[in-house]
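Numbered by the UniProt record's numbering, the letters in the sequence shown go through residues 1 to 110 in order.
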Amino acid sequence: MALGYVGVLTMRLEMPWVGNLKEKRALVRPVVERLKARFPLTVARLDGLDAHDWEVIGVATISNDYGWVKETLKMAADYIASEGPYRVASEDTEITVIGEGDLEEEELAD
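If you want it as structure tokens, here you go:
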């Protein structure tokens, strides 16, 4: 029996028309901050921080309900895609089981 689930969403955002880092941050940072406020998630700007035309955003959540994790990450992906003047170049979702098999091992030891 699983103890819980950790869900991670990564999205690569592209803005080829942006000319500098300041302009890119002005597009991406508000979306990241609103995402944190709106959903029970941890959000981080992961890659492309020094690039002016793309960035990777990571989103993570944890719960004992697989369906909740999956739906929350889907809502976050939809929100990111709809909020900014950028193009979502790629999207990847991974949900990992926590504690699978640990309870059985402990029960066998008793």
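Note that CB positions come from ideal geometry on N, CA and C, so glycine has one too.
Exposure of residue i, with buried meaning 16 or more beta-carbon neighbours within 10 Å
i: residue 89; result: exposed
i: residue 13; result: buried
i: residue 100; result: exposed
i: residue 94; result: exposed
i: residue 98; result: exposed
i: residue 24; result: buried
Proximity below 8 Å, CB of residue i to CB of residue j
i: residue 67; j: residue 27; result: no
i: residue 15; j: residue 91; result: no
i: residue 8; j: residue 80; result: no
i: residue 112; j: residue 6; result: No answer is possible for residue 112: it lies beyond the span of the chain, which begins at 1 and ends at 110.
i: residue 57; j: residue 45; result: yes
Where the alpha helix (DSSP H) containing residue i begins and where it ends
i: residue 71; result: 66 to 83
Other residues of its chain near residue i: CB distance less than 8 Å, five sequence neighbours each side excluded
i: residue 41; result: 35, 59, 60, 61, 72, 76
Spatial neighbours of residue i in its chain, beta-carbon cut-off 6 Å, leaving aside the 5 residues before and after
i: residue 43; result: 32, 35, 36, 59
i: residue 70; result: none
Beta bridge counterpart(s) of residue i as assigned by DSSP
i: residue 91; result: 11
7 Å Cβ shell around residue i - same chain, five flanking residues per side excluded
i: residue 110; result: Here residue 110 scores only 41 on pLDDT, less than 50, and its place in the model should not be relied on; the value that follows carries that caveat. Excluding positions up to five away in sequence, the list is empty.
i: residue 21; result: 52
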